[in-house]
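Colleague: Take the first sequence: its letters are residues 8 to 447, numbered as in my numbering. The beta-carbon is built from N, C-alpha and C at its ideal position, and this holds for glycine as well. Computed from a prediction, not measured in an experiment: that's the story for all the values here. Below you'll find the structure I mean.
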Amino acid sequence: MSETRVRFAPSPTGKVHIGNIRAAIYNWLFARHTGGKFLLRVEDTDLERSTPEAIAVLIECMKWLGLDWDEEVFYQTKNVKRHMECVEQLLASGRAYKMEKTSRDGKTGVVTMFRMPKEGVIEFDDIVKGHMAKKAEDIQDFAIVRSDGSPIFHIANVVDDIDQRVTHIIRGDDHVENTFKHIEIFRALGAPVPRYAHLSMIVNQQGKPYSKRDGAAFVGEFREEGYLPEALFNYLLLLGWNPGDEREVLARDEMVGLFELSKVHVTAAKFDLKKLQWMNGEYIKKIPAAEFVSEVKACAAGIASPVPGHDDAWWSYLASQLQPRTKFMKDIPQMVRCFVADDYPFDEKAVEKRLGKPGVKELLLDIAERFSKAAEWKAPALEAVVKELSQGNGMGPWVHPIRVAVSGRGEGIGLFEMLELLGRETTLSRIRRAAETMCQ
RNA sequence: GGCCCCAUCGUCUAUCGGUUAGGACACGAGCUUUUCAAGCUUGGUAGAGGAGUUCGACUCUCCUUGGGGCUGCCA
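In structure tokens form, the structure reads like this:
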């Protein structure tokens, strides 16, 4: 039994769609699970859309997701000579012929056509879709070489698969019809036909193919929005496959160990952003504390220069408060801002609701006075001050205005932890400043 | 139009002829007597419709309906 060899063969158009990258993920997992090879083939025959930049974007996305490939990247344009040799072979054997043809856009020229059988049934056993069969007469002959002499997808794709000794073709559902054509080409060329596995599409809530109109659709966009590669990888994997038990958040090696093509779903899966967001939060919670601290520090450095000096304990404390409530890495700066800079923005609605009411000014000045007498500037001590004041009637009247005064926002980490992190001086001056300038 | 594929909670799914049809996301309620999260407890919602096969169908077969794909000198 020879080793399995699979390939991800995108055409570099500059952006990598999630449906496409899911195919890459399934290919990668299958290769790693079976101990085979995962190859990357760049189908760059469309010279207008294929640019070095687009290829760089593709490779960047692959690396970001941890989809490492084996062997050299295979560029389809570098194999044109072989494509044409095979065309000659088909011509010689009578499986291809030249004819004058008028294309849709009115160009007339001589193209090379592949001759399909006129009778019989073409069939294959798709690993995910099961047995597939189609009457040969239902498939027309099709062009394999353009009138300008360049090879078309069908021939290039098959010849490359032969040359790369691909054993399993795992690709999108939209290629099922092509498979009947390609099988005939493999046979006509005397090459073994690989196994096929066709993956359903990712669709939107309406059941239509998921596109950029439905939100982030390209890998790069998810990255920019602060999704972790592990989260996107895991979510996409679950869109059409599951380990058979109730596990959902899986480590990479678990995925590799459990992945089976035969358990991939036939039905199209609707993309659920909410679940991806949840998944992202799960992965953010898994980030090692030290790493998250570094992330927080990096965000702080992007906000204030110089960053106020604090000891490691302070940063760890802040990070530990932030981490469980971080949904997106890109949200960290706005959460960190009030801790490292005095020019934090005030949320208008929060100001109106919490600081705009009569009596708040007096309340804030009073609490600032009481805080200033706190023996120890620690969360529990500060909480005790407010608790004593509220006498068990709820701390809302104090908590909300204080929060908005010191952070500008109506939400965030625990208030008393926030005050402790801010320190005595900053807290008191911010409360007093807000009382004087933002209250009635 | 022709050919092909698909059909369990709103969503992703478990079930491989016998289950109170399970889990997760989302949603509702409650607790943690400060927000937002997190966490814990808890609630509701599902086998498109119709014929068969069978002692018994979500599960097998057929039809209907609905959805999708393909039908290029794109890939």
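1. Just the Cα atoms here: how many angstroms apart are residue 132 and residue 138?
2. By DSSP, does residue 116 sit in helix, in strand, or in coil?
3. Check each candidate in 429, 400 and 260 and name the one with the smallest Cα separation from residue 240.
4. Using a 10 Å radius around the Cβ and a threshold of 16 neighbouring Cβ atoms, would you call residue 90 buried or exposed?
5. Can you name the start and end residues of the alpha helix (DSSP H) that residue 262 belongs to?
6. From what residue to what residue does the alpha helix (DSSP H) around residue 28 run?
7. Please report the Cβ distance between residue 193 and residue 161, rounded to the nearest whole angstrom; I am assuming they are in contact, meaning their Cβ atoms lie under 8 Å.
8. Please state the DSSP three-state secondary structure of residue 245.
9. In the DSSP assignment, the alpha helix (DSSP H) including residue 394 goes from what residue to what residue?
10. How about residue 378 and residue 362: are their beta carbons less than 9 Å apart?
11. So for residue 335, helix, strand or coil by DSSP?
12. If distances are taken between C-alpha atoms only, which option among 70, 440 and 339 comes closest to residue 367?
13. Say whether the stretch 67-74 touches the stretch 26-39, bearing in mind that this needs 3 or more beta-carbon pairs closer than 8 Å, one atom from each stretch.
14. If I follow the unbroken beta strand (DSSP E) through residue 272, where does it start and stop?
15. In angstroms, rounded to a whole number, what distance separates the CA positions of residue 50 and residue 83?
16. Would residue 350 and residue 233 qualify as a contact pair, given that the criterion is a beta-carbon distance under 9 Å?
17. Please report the straight-line C-alpha distance between residue 188 and residue 146, rounded to a whole angstrom.
18. So, is residue 104 buried or exposed, given that buried needs 16 or more other C-beta atoms within 10 angstroms?
19. Closest to residue 108 by CA distance: which of 247, 155 and 380 is it?
20. Which word fits residue 268, buried or exposed, when buried means at least 16 other C-beta atoms lie within 10 angstroms of its C-beta?
21. In whole angstroms, give me the CA-to-CA distance for residue 219 and residue 225.
22. Per DSSP, which residues does residue 103 bridge with? Please list them.
23. Using alpha carbons as the reference points, say which of 117, 301, 308 and 57 lies closest to residue 4.
24. Classify residue 416: buried if its beta carbon has 16 or more other beta carbons within 10 angstroms, exposed otherwise.
25. For residue 167, count neighbouring Cβ atoms within 10 angstroms of its own Cβ and tell me buried if that reaches 16, exposed if not.
26. What does residue 128 pair with, by DSSP beta-bridge criteria?
27. Along the chain, where does the alpha helix (DSSP H) containing residue 290 start, and where does it finish?
28. Going along the chain, which residues of its own chain have a beta-carbon closer than 6 Å to the beta-carbon of residue 271, five neighbours each way excluded?
29. Confirm, please, whether the CB-CB distance from residue 374 to residue 420 is below 9 Å.
30. What's the C-alpha gap between residue 383 and residue 317?
31. Can you look up residue 381 in the DSSP assignment and give me helix, strand or coil?
32. Just the Cα atoms here: how many angstroms apart are residue 42 and residue 113?
33. With distances taken Cα to Cα, identify the nearest neighbour of residue 243 among 284, 372, 231 and 252.
34. Beta-carbon within less than 8 Å of residue 443's beta-carbon, same chain only, minus the 5 sequence neighbours each way: which residues are those?
35. With respect to the alpha helix (DSSP H) encompassing residue 172, which residues constitute its N-terminal and C-terminal limits?
36. Classify residue 123 as buried or exposed, calling it buried when 16 or more other Cβ atoms lie within 10 Å of its own Cβ.
Modeller: Walking through what the data contain:
1. The straight-line gap from Cα to Cα measures roughly 4 Å.
2. strand
3. 260
4. It is buried - the Cβ of residue 90 has at least 16 other Cβ atoms within 10 Å.
5. 259-265
6. 25-41
7. Contact check for residue 193 and residue 161: beta-carbon distance about 11 Å, past the 8 Å limit, so the pair fails to qualify.
8. helix
9. 386-397
10. no
11. coil
12. 440
13. Judged by Cβ distances under 8 Å, the stretch 67-74 makes contact with the stretch 26-39, as three or more pairs qualify.
14. No beta strand (DSSP E) contains residue 272, which DSSP labels as neither H nor E.
15. 5 Å
16. no
17. Between residue 188 and residue 146, the C-alpha separation is close to 8 Å.
18. exposed
19. Ranking 247, 155 and 380 by Cα distance to residue 108 puts 155 first.
20. buried
21. 8 Å
22. In the DSSP secondary-structure assignment, residue 103 is bridged to 121.
23. With the chain represented from 8 up to 447, any question about residue 4 goes unanswered, as that position is not in the structure.
24. buried
25. Counting Cβ neighbours within 10 Å, residue 167 comes out buried, since at least 16 surround it.
26. Paired residue(s): 142.
27. 280-293
28. 135, 247 and 248
29. Remark: C-beta atoms of residue 420 and residue 374 do not approach each other more closely than 9 Å.
30. 18 Å
31. coil
32. 49 Å
33. Residue 284 is the option with its Cα nearest to residue 243.
34. 368
35. No alpha helix (DSSP H) holds residue 172; DSSP gives it neither H nor E.
36. buried
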